[in-house]
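Numbering (mature numbering (1 follows the signal peptide of the UniProt record, and there is no 0)), first residue to last: -23 to -1, 1 to 914.
Now the structure itself:
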């Protein structure tokens, strides 16, 4: 025991050199101390065995504060096995704790006469237990933590100079689950002084983010992420469940979800404040309080809506942000058009809509006596088209009125707040009198194919008579075919009739105010065929004219419908230039000898018209040979069509040009729908349409979407040529900027997939662009896993919240910006692959554009810098690695001297895992060595 005299003096020198700031440290807020010998007021009371091994020492620092420590220095005797055990340390719910030990160790070579059994290491163990009062633990029951070696040992010279090397080591133990544990130190023949022992665990401190408060949270074992549910701050509510992850180093990661301020409150940093007078917030989805809309006010705080001023109103369905409004003024400029027992009413919208866009109209009908004073509501037999109440357009057709009757129609303009106003609704009135009927008088003249009619006009016409209209049809065939003739005279000869056939005739008059009522039906029969002489010279002439007229009629109608696509109007009858003739079937235009024509504009969806009137053709059956012209919509080519089981035919192919608008597409499809309704030798025949893929000049070309672009699917050959592989998920798409492939099942590589593809299973070229941005990030980060160890669900949530991968270490700014462009939420705003190629080509041709890095160092040569720093934090800032300050502090690297021998293994334990960051830190450490940096203690 001759060497024991050395140690008390060494301990004294050591502690006399400590300043109060070193003795009483301020620990990071994310660390919770379980044991700290520096703050002990009395004996530590640890167990030492054998008794002649470890010895408790009490010394005074410069502030005369007692400090407790242990020492052992039995270096002159072999086979040492000295144990020192702490008291029971409660783990306080922590699964992972850290042990920070500060110690000094004597260099064996500086001790004269010491045998070769002298050691310069000692061992550290722990034993987990629920019993806080154990008095004995077997050596075999302890679990070894590590063998502790000193980075710096001291000699007798150092003691004389009062410069001693203080070693700091930090170790951790994980997956604790009992109430507490004991620590033990084993000396096997070294000269050691345990200056201090600190046991602590890490937590993520109380934090408020996105209006959600996250409590102090103990970190998980083995650096596992701990998911924490946040609670909304006062006057806020959940928009989406707020969550964050507590990392192993006590930092919060990847916020997901958020809270929002309740109606009447707005966000102010980390809390919600009430809306002031004159402002409001109607919905929690609104970000801030806004000024009351026009014609409204709020006098109190916390207003969720503003009250309307007098004479103004807000409907139940109106948004609270809408200005208060009032009922509209009356409709204006009513016009009536009488047609038989029907009338069309039209009017102008009210001059003042009340500040709303939901003005509708109600029409009230009254039937009045001849004196115009006694009126009563119209009966239910009167019909309104499209309806009587709630009209959205200023027009209505009223049918089934009585003839020669006075009517009064009141047009009422209303809007969404009309029922809230106590004042009567504004109206405009229209008075009409329906017309009288025409009396038909039959003349004596009739033949086998013609009948002559005569009539008298109405006694009291509703205006000046413009013309008369005669309608006739074969008896019992009114619903199949009827003919309309027009003339200005009071007589008409109807020709072209069938011999021996009974026809029904009706006549009505038209004035400037519209049509009157049809007169009663009159039945007349033509003469029989045998009443004409077979050799009658007039017969052949009539037949020839009829046949010729039929041909002309057919061609004219076809041309009319093909050119204009609209009803052609009346066709002049041959016997009287003042007469007009037209054929109807069920009220729809009918071409003689053909089917009823339907205009494609009556279809809301032009694709449905195409399906009804045109046949879809497989593009592989078409072979385009050459361009023969250009049409309104695109090129016109000649080619051949070979349909299954049919002979090959020559066809003309009309295509829709690239970059077409939606209107051009609809017009193009409408043209095909029109052509598809005709089947006539004088009209070009539509064989079909190709709508599922575009055609090139010679054959079919279509694009592909890969759906699985990732670094793992990029192969590199010996010439460093990259080749895209693994087309297992690829799909063919149309050559269309908006083309998409939609899948209903199967797996999706979440970390590489665009958000719209994840949410709606819709894949496009733009979704491949998103994946390409991830590939760029993988390459520049040396194969780092995108989004690290986050779960797929958290990746989806984070992206939806606007989170994007940060720039990798030493990534050029322009390349990270290109990645961010690829990750635009709206797929239409992402660059196309052609644009990406052009951008990269320009960067290659201009290398200077790649020099600006997202996190470049403040010094040029990392091997020979001159640091003017005094703390680890300043040093980390100097090399742009400030994000790892907490990592270094938690691991016990609190002085520049302590980091001189840091290794890649230690960096990995400290969660510094990026290869580029490790390389930069190690290079900077080597620079510190070159400067000879050290700390005097």
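Using N, Cα and C, we set each Cβ at its ideal position, and we do this for glycine too. As the structure is a prediction and not an experimental result, all values here were calculated from the model.
Report the option in 228, 121 and 165 whose CA atom is closest to the CA atom of residue 52. Position 75 of the chain shown, counted from the start, is the residue given in the question as residue 52. Comparing Cα-Cα distances from residue 52 to each of 228, 121 and 165, the minimum goes to 165.
DSSP three-state assignment for residue 696, whether helix, strand or coil: For the purposes of this step, residue 696 is taken as residue 719 along the chain shown, with counting starting at 1. Coil.
Can you round the beta-carbon distance between residue 750 and residue 799 to whole angstroms, since I take them to be within the 8 angstroms contact cut? Position 773 of the chain shown, counted from the start, is the residue given in the question as residue 750. Position 822 of the chain shown, counted from the start, is the residue given in the question as residue 799. Yes, residue 750 and residue 799 are in contact; Cβ-Cβ is about 3 angstroms, under 8 angstroms.
Where residue 101 and residue 31 are concerned, what is the direct C-alpha to C-alpha distance, given to the nearest angstrom? Position 124 of the chain shown, counting from 1, holds the residue named residue 101. Position 54 of the chain shown, counting from 1, holds the residue named residue 31. Going by the C-alpha atoms only, they are around 14 angstroms apart.
Do three or more CB pairs link the region 682 to 692 to the region 725 to 743 at distances below 8 angstroms? They touch, by the three-pair rule.
Could you tell me which whole alpha helix (DSSP H) segments of length 4 or greater appear in the region 130 to 208? 133 to 138
Helix, strand or coil for residue 62 per DSSP? Numbered from 1 along the chain shown, position 85 holds the residue referred to as residue 62. If DSSP states are grouped into helix, strand and coil, residue 62 belongs with the strands.
With a CB to CB cut of under 6 angstroms and the five nearest residues on each side skipped, what residues in its chain are close to residue 646? Taking the first residue of the chain shown as 1, we reach residue 646 at position 669. If we look at residue 646 and ignore the five residues flanking it on each side, its Cβ neighbours are 583 and 587.
Could you tell me if the beta carbon of residue 9 falls within a distance shorter than 7 angstroms of some heavy atom in the ligand MN? Summarising the ligand content, the structure contains no ligands, and the ligand MN is consequently not present.
Closest by C-alpha distance to residue 167, when choosing among 852, 900, 454 and 127: Position 190 of the chain shown, counted from the start, is the residue given in the question as residue 167. Answer by Cα proximity: 127.
How about residue 181 and residue 228: are their beta carbons less than 8 angstroms apart? Locating residue 181 in the chain shown gives position 204, counting from the first residue. Locating residue 228 in the chain shown gives position 251, counting from the first residue. It is a contact, given that the beta carbons lie within the stated cut-off.
Quick check: what's the CA-CA separation for residue 532 versus residue 653? Mapped onto the chain shown, residue 532 falls at position 555. Mapped onto the chain shown, residue 653 falls at position 676. Note that residue 532 scores 21 on pLDDT, short of 50, meaning its location in the model is unreliable and no value can be drawn from it.
Relative to the C-alpha of residue 666, which candidate in 57, 629 and 693 has its C-alpha closest? Locating residue 666 in the chain shown gives position 689, where the first residue counts as 1. Among 57, 629 and 693, the Cα nearest to that of residue 666 belongs to 629.
Have a look at 752, 488 and 764 and flag the residue whose alpha-carbon is nearest the alpha-carbon of residue 795. As a first step, residue 795 must be located in the chain shown, where it is residue number 818. The shortest Cα separation from residue 795 among 752, 488 and 764 belongs to 752.
If you run the structure through DSSP and keep just helix, strand and coil, what is residue 783? Taking the chain shown and counting its residues from 1, the one referred to as residue 783 is at position 806. Here residue 783 sits in coil by DSSP.
Could you give the C-beta distance for residue 302 and residue 343, rounded to a whole number, given that I count them as a contact under 8 angstroms? Counting from 1 along the chain shown, the entry for residue 302 is found at position 325. Counting from 1 along the chain shown, the entry for residue 343 is found at position 366. That belief does not hold up - the Cβ atoms of residue 302 and residue 343 are roughly 30 angstroms apart, past 8 angstroms.
Cβ-Cβ distance between residue 950 and residue 330 below 8 angstroms: Here the chain covers residues -23 to 914 and nothing more, so residue 950 does not appear.
Expected contact under 8 angstroms - CB spacing of residue 445 and residue 460 to nearest Å: Taking the first residue of the chain shown as position 1, residue 445 is located at position 468. Taking the first residue of the chain shown as position 1, residue 460 is located at position 483. Not a contact, Cβ separation roughly 15 angstroms.
Between which residues of its own chain and residue 61 is the CB-CB distance below 7 angstroms, once the five residues before and five after are set aside? As a position in the chain shown, residue 61 is number 84, starting the count at 1. Once the five neighbours on either side are set aside, the close Cβ partners of residue 61 are 23, 25, 31, 47, 161 and 162.
To the nearest angstrom, how far is the alpha carbon of residue 91 from that of residue 55? Walking along the chain shown from the start, residue 91 turns up at place 114. Walking along the chain shown from the start, residue 55 turns up at place 78. Straight-line Cα distance between these residues: approximately 10 angstroms.
Residue burial classification, residue 143 (beta-carbon count within 10 angstroms, cutoff 16): Counting from 1 along the chain shown, the entry for residue 143 is found at position 166. Residue 143 should be labelled buried.
Status (buried if at least 16 other CB within 10 Å, exposed otherwise) for residue 622: Here residue 622 corresponds to residue number 645 of the chain shown, with the count starting at 1. With fewer than 16 Cβ atoms within 10 Å of its Cβ, residue 622 is classed as exposed.
Going by beta-carbon coordinates alone, are residue 214 and residue 252 separated by less than 8 angstroms? In the chain shown, counting from the first residue as 1, residue 214 sits at position 237. In the chain shown, counting from the first residue as 1, residue 252 sits at position 275. Not a contact, by the Cβ cut-off of 8 angstroms.
For residue 295, which residues of its own chain have a beta-carbon under 6 angstroms away from its beta-carbon, when the five flanking residues on both sides are left out? Here residue 295 corresponds to residue number 318 of the chain shown, with the count starting at 1. Counting only Cβ-Cβ distances below 6 angstroms, and skipping sequence neighbours, we find nothing.
I'd like to know whether the C-beta atoms of residue 867 and residue 179 end up nearer to each other than 8 angstroms. If you number the chain shown from 1, residue 867 lands on position 890. If you number the chain shown from 1, residue 179 lands on position 202. Taking 8 angstroms as the Cβ cut-off, residue 867 and residue 179 qualify as a contacting pair.
Bounding residues of the beta strand (DSSP E) (the contiguous stretch that carries residue 750): One-based indexing of the chain shown puts residue 750 at position 773. Note, residue 750: premise wrong, no beta strand (DSSP E); alpha helix (DSSP H) at 742 to 757.
Hey, which unbroken runs of the beta strand (DSSP E) at 3 residues or more fall wholly within the region 252 to 335? 309 to 316 and 319 to 325
Chain C contact for residue 448 (CB, 8 angstroms cutoff): Absent from the structure: chain C. Only one protein chain is present.
So the beta strand (DSSP E) residue 617 belongs to, where does it begin and stop? The residue you call residue 617 lines up with position 640 of the chain shown. For residue 617, the enclosing beta strand (DSSP E) starts and ends at 612 to 618.
CB residue 176 to CB residue 11, shorter than 8 angstroms? In the chain shown, the residue the question calls residue 176 occupies position 199. In the chain shown, the residue the question calls residue 11 occupies position 34. Yes, Cβ-Cβ distance for residue 176 and residue 11 is below 8 angstroms.
What did DSSP end up calling residue 588 once you bin it into helix, strand or coil? Looking up residue 588 in the chain shown gives position 611. If DSSP states are grouped into helix, strand and coil, residue 588 belongs with the helices.
Inter-residue Cα distance where the pair is residue 132 and residue 87: Position 155 of the chain shown, counting from 1, holds the residue named residue 132. Position 110 of the chain shown, counting from 1, holds the residue named residue 87. Each residue's alpha carbon lies about 6 angstroms from the other.
Starting from residue 798 and walking both ways along the alpha helix (DSSP H), at which residues does that stretch end? For the purposes of this step, residue 798 is taken as residue 821 along the chain shown, with counting starting at 1. Residue 798 -> alpha helix (DSSP H) spans 790 to 799.
Can you have a look at residue 901 and say buried or exposed, based on whether 16 or more other CB atoms are within 10 angstroms of its CB? Looking up residue 901 in the chain shown gives position 924. Burial call: buried.
Which term fits residue 555, buried or exposed, when burial requires 16 or more other beta carbons within 10 angstroms of its beta carbon? For the purposes of this step, residue 555 is identified with residue 578 of the chain shown, where counting begins at 1. In this prediction, residue 555 scores a pLDDT of 37, lower than 50, which makes its location untrustworthy; the coordinate-derived value is nonetheless stated afterwards. Counting Cβ neighbours within 10 Å, residue 555 comes out exposed, since fewer than 16 surround it.
Can you give me the start and stop residues for the alpha helix (DSSP H) that residue 68 sits inside? On the chain shown, residue 68 is found 91 positions in, with the first residue counted as 1. From DSSP, residue 68 is part of no alpha helix (DSSP H); its letter is neither H nor E.
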